[in-house]
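When you line the sequence shown up against this note's numbering, it's residues 7 to 308, in that order.
Ideal Cβ placement from N, Cα and C applies to all residues, glycine included.
All of these numbers come straight from a predicted model, not from anything done at the bench.
Here is the structure we will look at, set down as structure tokens.
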Amino acid sequence: MRIAVLTAAFFLLTGLHAADAAPRVKGGLSPVFGSNEYEGWNAYLGIGGDHFSIAPEVTTYQFKGSNGRYNSASVRAGYDMRWFGFGATAGRSFPRNGYSSVYGGGDFAFTLSPLGDEGIRRIGGTGRGGVPAGKGIARVDFGGGVKWTAHRQESATTSDAKLTQRELHGFVGASVLGAVLVSGRVSKFGYNADLRSAATAVPGSFWTPLVGHMNSVNGFADSSFHANAEIPVFPMIRPFANYTYTKYAALAATAPGDSRAYAAGVRVGLELVAIEAAYQHVSVTGSAADQNFYTISAGLRL
């Protein structure tokens, strides 16, 4: 964890230096509303030059029975070249109702048949870079990464519950005919304790975001698969759809059901403004009530 934090700090300093040479700025605000009176807000800012980029991000959310808002903040520093890119992320979920977490990690990506020499967003990757472009009729990106999250639940009567979560992921993305974007991502999670043991004190799961899910509270996952497709209708209008299947870690008292999340939406990209609207339906095996979420977000590109 300490290595990830130091790495992010190093890229923050060097990235800001590079951004002075050829600055590009983008930012946005994404509200999410849904079942169980869920209300979340995500705000991000991206600053980058030709290769370096810095992307701070803050998230806040609440739901019925949450007893207040949960807040988190993170920063990702990245360096992207024509064939290869990598980044480091560090963040924190601030204390609320005794729960808090810190997290950090790194990611990397390779590109086949890229176009141009400047940094580019990898299809299905982590960064918030520029619009993907392919050379010829296709482009393929692939990569992976690791992330550690240290969850902590403070207690006034017993010892604090602590749990370290590790996520390994790999992805592959492709641009077909220079326009249609498809990608897939597989994640595997591990923990430093046996969650099935009654002797394990399990903290709350109040900061467990999953790729492919709009909400930030998803429980302790065991594995997850995410697939996405984006097809342009007009030059500025790009409908998309994705599917996410997740298995959750078995606990001592319960066996969480698998979840299936289906989402569809549209992205509208103008020269300076980007707008996205999406709807998501989530079903959980063994649960009588499905969940629904929606978002309408807006961003600026300068």
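Check your understanding: If we ignore side chains and look at the alpha-carbon of each, how far apart do His287 and Phe92 end up?
Key -> 32 angstroms
**Study point:** Neighbourhood of Val137 by C-beta, 6 angstroms cutoff - its chain only, sequence neighbours within 5 removed
**Key:** Unreliable positioning characterises Val137 in this predicted model, as indicated by a pLDDT of 45, which lies under 50. A coordinate reading is not provided.
**Study point:** Same chain, Cβ closer than 6 angstroms to Gly179, neighbours up to 5 away in sequence not counted
**Key:** Ile129, Gly130, Asp147 and Ser189
Point to revise | CB contact flag (Gln171, Phe226, <8 angstroms) | key: yes
Practice item. Use the C-beta contact count for Asp200: other C-beta atoms within 10 angstroms, 16 or more gives buried, fewer gives exposed. Key: Of the other Cβ atoms in all chains shown, fewer than 16 fall within 10 Å of the Cβ of Asp200; this residue is therefore exposed.
Check your understanding: Among His219, Leu278, Pro238 and Asp228, which one has its Cα closest to the Cα of Thr309?
Key -> Given a span of 7 to 308 for the chain in the structure shown, any question on residue 309 remains unanswerable.
**Study point:** Cβ-Cβ distance between Phe195 and Ser229 below 8 angstroms
**Key:** yes
**Study point:** Reduced DSSP secondary structure (H/G/I, E/B, other) of Ser189
**Key:** strand
**Study point:** From Gly111, Ala79, Ala83 and Asp113, residue whose alpha carbon lies closest to that of Ser99
**Key:** Ala79
Check your understanding: Along the chain, where does the beta strand (DSSP E) that runs through Thr164 open and close?
Key -> Per DSSP, Thr164 belongs to no beta strand (DSSP E) and is neither H nor E.
Review point. What number of angstroms, rounded off, separates the C-alpha of Gly149 from the C-alpha of Ser59?
Key: 18 angstroms
Review point. Tell me, which residues are paired with Val288 by DSSP?
Key: Ala267 and Gln297
**Study point:** Whole-angstrom distance between Leu216 and His157, CA atom to CA atom
**Key:** Whole-angstrom Cα-Cα distance: 15 angstroms.
Exercise for review: Could you name the residues that DSSP lists as bridge partners for Asp113?
Suggested key: Gly93 and Gly151
Check your understanding: Cα separation between Gly140 and Thr117?
Key -> Because Gly140 carries a pLDDT of 48, less than 50, the predicted location of this residue cannot be relied on, and the following value inherits that uncertainty. Gly140 and Thr117: Cα-Cα distance of roughly 10 angstroms.
Review point. Are the beta-carbon atoms belonging to Leu308 and Val31 less than 8 angstroms from one another?
Key: yes
**Study point:** Span of the beta strand (DSSP E), counted from its first residue to its last, around Phe58
**Key:** Phe58 to Gln68
Review point. To which residues of the same chain is Asn48 closer than 6 angstroms at the C-beta, ignoring the five residues directly before and after it?
Key: Ser36 and Thr65
**Study point:** Buried versus exposed call for Lys153 [16 or more other C-beta atoms within 10 Å across all chains shown]
**Key:** buried
**Study point:** beta strand (DSSP E) runs contained entirely in the stretch 176-226, provided each spans 3 or more residues
**Key:** 186-197
**Study point:** DSSP beta-bridge partners of Ile281
**Key:** Val274 and Ala304
Practice item. Measuring alpha carbon to alpha carbon, tell me which of Gly104, Gly275 and Arg82 ends up nearest Thr164. Key: Gly104
Practice item. May I ask you to report which of helix, strand or coil DSSP gives Asn73? Key: coil
Check your understanding: Per DSSP, what kind of secondary structure is Ser119 in: helix, strand or coil?
Key -> coil
Point to revise | 8 angstroms CB neighbourhood of Val186 in its chain, flanking five on each side removed | key: Ala235, Glu236, Ile237 and Pro238
Exercise for review: Just the C-alpha distance for Arg273 and Arg191, rounded to the nearest angstrom, thanks.
Suggested key: 21 angstroms
Exercise for review: Quick one: measure Cβ to Cβ for Ala280 and Gly305, integer angstroms, because I've assumed they're closer than 8 angstroms.
Suggested key: 4 angstroms
Exercise for review: Below 7 angstroms CB to CB, which residues in the same chain sit around Asp26 once its five sequence neighbours on both sides are set aside?
Suggested key: Only weak support is given to the placement of Asp26: the predicted model assigns it a pLDDT of 43, under 50, and the value that follows is read from those uncertain coordinates. Counting only Cβ-Cβ distances below 7 angstroms, and skipping sequence neighbours, we find nothing.
Check your understanding: Span of the beta strand (DSSP E) holding Pro245?
Key -> Ile243 to Tyr254
Review point. Beta strand (DSSP E) containing Ala259: first to last residue?
Key: Premise fails: Ala259 is in no beta strand (DSSP E) and is neither H nor E.
Check your understanding: According to the Cβ coordinates, are Asn298 and Gly71 closer than 8 angstroms?
Key -> Not closer than 8 angstroms, so no.
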